[in-house]
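Just so you know, the protein sequences line up as chains U and P, in that order. Throughout, our numbering is defined as the position within the first sequence, counted from one, plus 67. Throughout, our numbering is defined as the position within the second sequence, counted from one, plus 83. First comes the structure, then the notes that go with it.
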Amino acid sequence: METYINKGNKSTKVGFGEGVFLAATNLDEVVVLGADITASVGLDVFAKNFPHRFFSLGIAEQNCVGVAAGLALSGKIPVFSTYGVFAALRTADHIRISVCYNNLHVIIGGAHAGISVGPDGATHQALEDIAVMRVMPNMTVISPCDATQTALLTKRAIENLKGPVYIRFGREPVPDFTSEDQEIEIGKGQELCSGNDITLIATGHLVWEAIEAARHLREQGIHARVINLHTIKPIDAEIIIKAAKETRRIVTLEEHQIHAGFGSAVAEIVVQNHPVKMKMIGIEDRFGESGKPEELMHKFKLTGDEIFYTVSRFLHDNL
Amino acid sequence: MTLNPITDSNSLKDISYEIRKDILRMLAEAGSGHTGGSLGLADVFTCLYFSAMNHQPENPSWEQRDRLILSIGHVAPVLYATLAHAGYFPKEELKTLRQLGSRLQGHPGRDHGLPGLELSAGSLGQGLSVAVGMALAAKLNRQTHRIYCILGDGELQEGSVWEAAMSAAHHHLDNIIAIVDRNQLQIDGKNSDVMEIEPLADKWKSFGWIVTECDGNNHSEVLDAINFCKKQENKPQLILAHTIMGKGVKEIENDYHWHGKVPSKQQAEDFILHLTK
Numbered sequence: 068m069e070t071y072i073n074k075g076n077k078s079t080k081v082g083f084g085e086g087v088f089l090a091a092t093n094l095d096e097v098v099v100l101g102a103d104i105t106a107s108v109g110l111d112v113f114a115k116n117f118p119h120r121f122f123s124l125g126i127a128e129q130n131c132v133g134v135a136a137g138l139a140l141s142g143k144i145p146v147f148s149t150y151g152v153f154a155a156l157r158t159a160d161h162i163r164i165s166v167c168y169n170n171l172h173v174i175i176g177g178a179h180a181g182i183s184v185g186p187d188g189a190t191h192q193a194l195e196d197i198a199v200m201r202v203m204p205n206m207t208v209i210s211p212c213d214a215t216q217t218a219l220l221t222k223r224a225i226e227n228l229k230g231p232v233y234i235r236f237g238r239e240p241v242p243d244f245t246s247e248d249q250e251i252e253i254g255k256g257q258e259l260c261s262g263n264d265i266t267l268i269a270t271g272h273l274v275w276e277a278i279e280a281a282r283h284l285r286e287q288g289i290h291a292r293v294i295n296l297h298t299i300k301p302i303d304a305e306i307i308i309k310a311a312k313e314t315r316r317i318v319t320l321e322e323h324q325i326h327a328g329f330g331s332a333v334a335e336i337v338v339q340n341h342p343v344k345m346k347m348i349g350i351e352d353r354f355g356e357s358g359k360p361e362e363l364m365h366k367f368k369l370t371g372d373e374i375f376y377t378v379s380r381f382l383h384d385n386l
Numbered sequence: 084m085t086l087n088p089i090t091d092s093n094s095l096k097d098i099s100y101e102i103r104k105d106i107l108r109m110l111a112e113a114g115s116g117h118t119g120g121s122l123g124l125a126d127v128f129t130c131l132y133f134s135a136m137n138h139q140p141e142n143p144s145w146e147q148r149d150r151l152i153l154s155i156g157h158v159a160p161v162l163y164a165t166l167a168h169a170g171y172f173p174k175e176e177l178k179t180l181r182q183l184g185s186r187l188q189g190h191p192g193r194d195h196g197l198p199g200l201e202l203s204a205g206s207l208g209q210g211l212s213v214a215v216g217m218a219l220a221a222k223l224n225r226q227t228h229r230i231y232c233i234l235g236d237g238e239l240q241e242g243s244v245w246e247a248a249m250s251a252a253h254h255h256l257d258n259i260i261a262i263v264d265r266n267q268l269q270i271d272g273k274n275s276d277v278m279e280i281e282p283l284a285d286k287w288k289s290f291g292w293i294v295t296e297c298d299g300n301n302h303s304e305v306l307d308a309i310n311f312c313k314k315q316e317n318k319p320q321l322i323l324a325h326t327i328m329g330k331g332v333k334e335i336e337n338d339y340h341w342h343g344k345v346p347s348k349q350q351a352e353d354f355i356l357h358l359t360k
């Protein structure tokens, strides 16, 4: 089985900041809006290096979205980031009308995504942002698996895409295992492990856990395919349909509500093209809570070990 | 070529009169829409597009143009009628308002390609933020054009307007002129009954804005207010334009029921017959 080496734990928010900085070095049009938590979302490097292109707007997320729209209408490429709960949810109507209806190239960074945010608890753990962002017309939704990939996709989204983009990333340092020169394209999934017994389709931090689970499964003689869907919208239908046909069972993994989220996005493709049994692993219609990140990942059964058990049971019940 | 500014009140009155006729006819044809506010703002729009603003109707994406952000998208008819009169598109097209396939959407939608339209808008409380973004970009680019933003008085009940107001003053955006359509009415009735917004001038001043007031249905007063704003530096400016909802049609003036009601085709012709300049 393909093996992946953790180069060292690194937060995906740091990757986001690096991606913005690199794009800003290439493009004078890139500007950043601060919503009082600039360092906390990885944008302090930009603010220090490009102070004249950094605008502090305070704790006023709705205004940030509208200001971003105005800047984009004037030819700038604005990046606005705060915690995903505020970036995507508090601002939803402003994103819908000022950004998406106007189809503007605004980059919205949703930080503190998922349960792994940890001790801050339910108010600050974004578990509904994928659902709300992916339903918006014109929006691209990106959810990279590690810091290296976050930097690559952020830079590419800023430089190459045209319309609105939502990029989702976490707080906790997590295994950084993809390579700087990886083959990657927005809208195309990556098959990280091959196998034909079942497919694990994961997004964000859970891609690493899916690989861990696949390793355990391999020890039991089960060959699991692992797919990293770093782009949730537009979704890579081809790679999903192929997996459904070839492996006959699909498990989805997300640090998000399973309802209307990532698993649902995969299911929309599966049921309309090649229905197979599916299992959605994620948060099951409840709020998060405080705890150490690793404690929460364990409690919500999102670690490699827990995923292995859940997948084994699913296989046993659906032979 | 930039339009030659018209400063003569009688000429401006004539234009507003024609715009009001078109507003009534297009709304009657559409069968739905917002009559009161559109009529009330006809004089302000005439002053902007025929006198105050620097723009080129034959070149709508001219980089140096003054921008007009209509935050209250529901009064789209006054914007459409004014744009057509200014030469952005044929007046004939006004008849297509709210129809399937029309460039004149019920609330402005840029995706339909109407020349001169700066922003798709209709959800209240968002336009001033967009104006702030445009003003920041202009400052960054060292451009001297202005951003005009039309707000409703009822709209000021939206909290996001005040986020935007705070940010415009914080960043010293003296290139924004916001105009509040102060007709004192909203769908449920008087502002003061629905949700009091006074003291309005003091609120904006305390948020760091320069505030001036005028009769929004008097062309020379509107132009004086805009000219006063143009002379200010370091702070954004706000004009409280006191208007009459339904202005020009005596039967419906100051009647909040006409916020979102339209005349029948016969009624529209009757209104036009008695339309005051």
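Glycine residues also receive a C-beta, built at the ideal position from the N, C-alpha and C atoms.
Check                                                                                                                                                                                       : Outcome
Using a C-beta cutoff of 8 Å, does H172/U count as contacting chain P?                                                                                                                      : no
From the DSSP output, in three-state form, read off K309/U for me.                                                                                                                          : helix
If you reduce the DSSP assignment to three classes, tell me which class Q139/P lands in.                                                                                                    : coil
Run down chain U in chain order and give the residues with a C-beta less than 8 Å from the C-beta of A135/P.                                                                                : Those do not exist, as A135/P stays about 20 Å from chain U at its closest Cβ, beyond 8 Å.
I want to know whether the region 260-273 of chain P touches the region 321-329 of chain P - three or more CB-CB distances under 8 Å.                                                       : yes
In chain order, what residues of the same chain have a beta carbon less than 7 Å from the beta carbon of E351/U, not counting five sequence neighbours either side?                         : I325
Distance check for L151/P and N361/P, CA to CA, integer angstroms please.                                                                                                                   : Examination of residue 361/P is not possible in this model, given that chain P is present from 84 through 360 alone.
On the DSSP letters alone, give me the boundaries of the alpha helix (DSSP H) that G328/U sits inside.                                                                                      : Careful: G328/U lies outside any alpha helix (DSSP H) and carries neither H nor E.
I need the DSSP call for R265/P, collapsed to helix, strand or coil.                                                                                                                        : strand
Could you name each continuous beta strand (DSSP E) segment of 3 residues or more that falls completely within the region 273-353 of chain P, going from the start of the chain to the end? : 293-298, 320-325
If we define contact as Cβ-Cβ less than 8 Å, is D194/P a contact residue for chain U?                                                                                                       : yes
In the DSSP output, which residue or residues are listed as bridge partners for P178/U?                                                                                                     : As written in the sequence, residue 178/U is Ala, which differs from the Pro given in the question. DSSP, once it has assigned bridges, lists Y150/U as partnering A178/U.
How is Q339/U classed by DSSP in three states: helix, strand or coil?                                                                                                                       : helix
Looking at the C-beta of S165/U, does it have a partner C-beta in chain P at a distance below 8 Å?                                                                                          : yes
Count the other C-beta atoms from every protein chain shown that fall within 10 angstroms of the C-beta of R353/U, then say buried if there are 16 or more, exposed otherwise.              : exposed
Could you work out which residue in L138/U, V112/U, V343/U, V184/U is closest to L363/U when comparing CA atoms only?                                                                       : V184/U
For a cutoff of 8 Å on Cβ pairs, would you count Y168/U as touching chain P?                                                                                                                : yes
Taking K143/U as the query, report the chain C residues whose CB atoms sit under 7 Å from its CB, ordered along the chain.                                                                  : Absence of chain C from the displayed structure is noted, the protein chains being U and P.
Relative to the alpha-carbon of K344/P, which residue among N87/P, E112/P, S99/P, S94/P has its alpha-carbon at the smallest distance?                                                      : E112/P
Rank A198/U, N205/U, E226/U, G151/U by C-alpha distance to the C-alpha of H179/U and give the top, closest one.                                                                             : G151/U
If the cut is a Cβ gap below 9 Å, which residues of chain P does V97/U touch?                                                                                                               : Chain P residues near V97/U: none, gap ~12 Å exceeds 9 Å.
With R315/U and V343/U assumed to form a contact (beta carbons below 8 Å), what rounded beta-carbon distance in angstroms separates them?                                                   : 5 Å
Please compile the residues from chain P whose C-beta is within a distance smaller than 9 Å of the C-beta of G133/U.                                                                        : G208, Q209, G210, L211, S212, V213, A214, V215, G216, S243, E246, A247
Please determine whether the Cβ atom of D248/U lies at a distance below 7 Å from any heavy atom of the ligand MN.                                                                           : Ligands in the displayed structure: none, and consequently the ligand MN is not present.
Step through the CB atoms of chain U and report whether any lies within less than 8 Å of the CB of H254/P.                                                                                  : yes
Counting only Cβ pairs nearer than 7 Å, list the residues of chain P close to D160/U.                                                                                                       : S206
Per DSSP, G101/U is paired with what?                                                                                                                                                       : S123/U
Between T319/U and I348/U, how many whole angstroms is the CB-CB distance? I'm expecting something under 8 Å.                                                                               : 7 Å
What does DSSP give as the partner residue(s) for T207/U in the beta ladder?                                                                                                                : V232/U
Against L284/U, what residues of chain P qualify as contacts under a CB-to-CB distance less than 8 Å, listed in chain order?                                                                : What L284/U touches in chain P: nothing, since even the nearest Cβ is about 47 Å away.
At what residues does the beta strand (DSSP E) containing K359/U begin and finish?                                                                                                          : Here K359/U belongs to no beta strand (DSSP E), and DSSP marks it neither H nor E.
Within 10 Å of its beta-carbon, does G288/U have 16 or more other beta-carbons around it, so buried, or fewer, so exposed?                                                                  : exposed
Based on DSSP bridge pairs, tell me the residues matched to E258/U.                                                                                                                         : I294/U
Is the region 107-124 of chain P close to the region 160-174 of chain P, with three or more CB pairs under 8 Å?                                                                             : yes
For a test of the three-state rule: what should DSSP assign to N227/U, helix, strand or coil?                                                                                               : helix
What did DSSP end up calling L59/P once you bin it into helix, strand or coil?                                                                                                              : Past the boundaries of the shown model lies residue 59/P; chain P is included only from 84 to 360, so the question cannot be answered.
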